[in-house]
Amino acid sequence: MTAGEGPLLPCNRLIMDELPSFYLMSLGCPKNLVDSEGMATLLRRAGYGSATDPERADFLIVNTCGFIESARVESRAVLSELTRNKEPEQRIIAAGCYSQRYPGRLAESIPGLDGLIGTRRWMDIVDLVEQVEARRDRRPASGPVTHVSHTESYGRDPAGIVRGAIQGATAYLKLADGCSRSCAFCAIPIIKGPTVSRPPATVLADARTLDELGVQEIILIAQDTTNYGRDLGMGYGLTELLADLVRAVPQVPWIRLMYGYPSPTGLSDRLAETMADHRQILPYVDLPLQHAHPEVLRRMRRPANMDRVRRGIARLREAMPEIAIRTTFVVGFPGETEKEFRTLLQFVKEIRFDRLGAFTYSHEEGTAATALGDDVPRQVKEDRRERLFAAQQPISLEKNRALVGKVLNVLIEGEGEGVSVGRSYRDAPEVDGLVLVETELPIGQIVPVRITTALEYDLIGVRS
Ligand code: SF4
0 MTAGEGPLLP
10 CNRLIMDELP
20 SFYLMSLGCP
30 KNLVDSEGMA
40 TLLRRAGYGS
50 ATDPERADFL
60 IVNTCGFIES
70 ARVESRAVLS
80 ELTRNKEPEQ
90 RIIAAGCYSQ
100 RYPGRLAESI
110 PGLDGLIGTR
120 RWMDIVDLVE
130 QVEARRDRRP
140 ASGPVTHVSH
150 TESYGRDPAG
160 IVRGAIQGAT
170 AYLKLADGCS
180 RSCAFCAIPI
190 IKGPTVSRPP
200 ATVLADARTL
210 DELGVQEIIL
220 IAQDTTNYGR
230 DLGMGYGLTE
240 LLADLVRAVP
250 QVPWIRLMYG
260 YPSPTGLSDR
270 LAETMADHRQ
280 ILPYVDLPLQ
290 HAHPEVLRRM
300 RRPANMDRVR
310 RGIARLREAM
320 PEIAIRTTFV
330 VGFPGETEKE
340 FRTLLQFVKE
350 IRFDRLGAFT
360 YSHEEGTAAT
370 ALGDDVPRQV
380 KEDRRERLFA
390 AQQPISLEKN
400 RALVGKVLNV
410 LIEGEGEGVS
420 VGRSYRDAPE
430 VDGLVLVETE
440 LPIGQIVPVR
450 ITTALEYDLI
460 GVRS
């Protein structure tokens, strides 16, 4: 996915030789995508043209993901391929989480790399590109690369940069960077540092800009959206922001909340009431719980009071009976016994989540969990993940069957050969299901669809 495209027309250096150009590829999560858009905007503002084809750009920038090993493997593969295929005069830069976490290792494994910039310093991309350009003739054939220092925490957002990324009719809007939790398995706080919330006024201003650009859905993202604002010390948090947002952008029909945290303050009555009070806020929440056995949760250094979690979920369902709740779990965490896993399995059957994701545990260097020993065999982890999915499948199908005959609003995202495909309020992009509609409908519009058929994860319907 390239973030080089945007409101400005892409420039092609073959036809505009005097204007250096960049090609930017964004890997990983929507939070990275927002940073990619920020870098692209800064470069365009500084006079660089954005190219949609790597062969036609002076600078190749990859916004890497370094969250887990499989993401690092993908980042290295992309960088290696671009380095192999590039012309000698083209310059290549690695940005993002991988560059932040392992700059030395990345420079070693990609010998042709010209520059590195960590995720906390995305706003310095123009400086880095200029530095790389300045030493164009002096850089030896292999290293050292130009590296923007990355140890400081996030700086202020540069003026006039919208911290959002538009994908079709949907925009991701970033509320904060970093994470102040201390989950034992997670490297994000090491990579990104503590939570730095964006001031409410700038979040609201960005939402208005996205509204003016015609988006139909704003997805609020952060490592932990429910912790929004605490570091600002203003007594202003997520619920206040949600209430202000619906006033700021009354025409945006869908506002979706991702990545909550199941603490008493995160999963609060107030959140349930605020969501229920405002029709624009979709009755949908992504609440990664990671596990359900109190001992495993204690080892994970996460909230372990499952009765409180149950009450929180019940409150959400009381306030919004139609709410779709998504969660994710980690299986095979150090010391996870069969009995502990069965507690998780039972919990999944009891709560009947609408959407469920599951990951197998692996050690991440520098995290607290590495002291525990990765003692669950790989095959056992895989089996447990499959058992979790097998438990969820009939629940998902039953929930989908209950929707047959009902009308859901669907945001159309693609069409062709007599069908359209979109998402309802129950589906976040990329991670949840789809609704197939047996008609070609205009992309980017929300249309009512009568559900006719339920599949395990997806739905089929006709225009109502
Ligand atoms: S809340 Fe999420 S991002 Fe933060 S440490 Fe825990 S798992 Fe990592």
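At position 141 of the sequence shown the residue is numbered 140 (numbering that gives the first Met the number 0), and the sequence of numbers has no breaks.
Just so you know, even glycine gets a beta-carbon here, dropped at the ideal spot from N, CA and C.
What you are looking at is a predicted structure, and each value in this text was computed from that prediction instead of being measured.
State the Cα-Cα distance for the pair residue i and residue j, rounded to the nearest angstrom.
i    : j    : result
P143 : M299 : For P143, the pLDDT reaches just 48, beneath the cut-off of 50, and the residue's location in the model is therefore unreliable, leaving the point undetermined.
R354 : G177 : 25 Å
S25  : V131 : 20 Å
R351 : P393 : 10 Å
P110 : S395 : 47 Å
D285 : R134 : 46 Å
A158 : G404 : 49 Å
R104 : V125 : 24 Å
M274 : A313 : 14 Å
F358 : A56  : 37 Å
F332 : A186 : 15 Å
L288 : R462 : 36 Å
A76  : F21  : 20 Å
L407 : P447 : 6 Å
V61  : L23  : 6 Å
K191 : P249 : 33 Å
G265 : E416 : 44 Å
P441 : L371 : 53 Å
M305 : V295 : 12 Å
A93  : Y101 : 11 Å
L81  : E239 : 45 Å
R386 : L344 : 8 Å
Y260 : I67  : 20 Å
Is it true that the CB of residue j sits closer than 8 Å to the CB of residue i?
i    : j    : result
R180 : V33  : no
A271 : A221 : no
I189 : G65  : no
R325 : A389 : no
D374 : G334 : yes
K85  : L127 : no
S196 : L172 : no
Would you mind sorting residue i into buried or exposed? The rule is 16 or more other CB atoms within 10 Å of its CB.
i    : result
I322 : buried
D156 : buried
A453 : buried
S74  : buried
S419 : buried
T51  : exposed
Q378 : exposed
R44  : exposed
R246 : exposed
N399 : buried
T63  : buried
M233 : exposed
D113 : buried
P263 : exposed
P19  : buried
N31  : buried
Once the 5 residues before and after residue i are set aside, which same chain residues still bring their CB inside 6 Å of it?
i    : result
D457 : G432, L433
G421 : V409, L410, I411, E412, V434
G443 : A168
Y424 : L281, Y283
Identify every residue that forms a DSSP beta bridge with residue i.
i    : result
W253 : E216
L172 : G163, L219
Y47  : None, per the DSSP bridge assignment.
T82  : In DSSP, T82 forms no bridge with anything.
I466 : The displayed coordinates of the chain run from 0 to 463. Any statement about residue 466 would go beyond what the structure contains.
F58  : F21, R90
I450 : G460
R422 : L410
L435 : V420, I459
I445 : L410
For residue i, collect the residues of the same chain with a Cβ closer than 7 Å to its Cβ; drop the 5 residues on either side in sequence, then sort them by chain order.
i    : result
A342 : Inspection of the sequence shows that residue 342 is occupied by Thr rather than by Ala. Excluding positions up to five away in sequence, the list reads A291, H292.
A490 : Coverage of the chain is limited to positions 0 through 463, which leaves residue 490 absent and any answer about it impossible.
S108 : R75
M257 : I218, L219, I220, T224, D285, A427
T451 : V403, I459, G460, V461
T201 : D156
Leaving aside the five residues before and after residue i along the sequence, list all residues of the same chain whose C-beta is less than 8 Å from its C-beta, in chain order.
i    : result
V251 : A206, L209, D210, V214, Q215, E216, I217, Q279
P139 : Unreliable positioning characterises P139 in this predicted model, as indicated by a pLDDT of 49, which lies under 50. The coordinate reading is nonetheless provided below. Cβ within range, chain order: n/a, list empty.
G5   : Any answer about G5 is weak, because its pLDDT of 37 lies below 50 and its placement is not dependable; what the coordinates show is given next. Cβ within range, chain order: E36, A39, T40, R43, S49.
Does any CB atom of chain C fall closer than 8 Å to the CB of residue i?
i    : result
C178 : The displayed structure is made up of one protein chain only, and chain C is not part of it.
| What residues come near ligand 3, if near means a beta carbon less than 6 Å from any of its heavy atoms? | Ligands displayed in this structure: ligand 1; ligand 3 is not among them.
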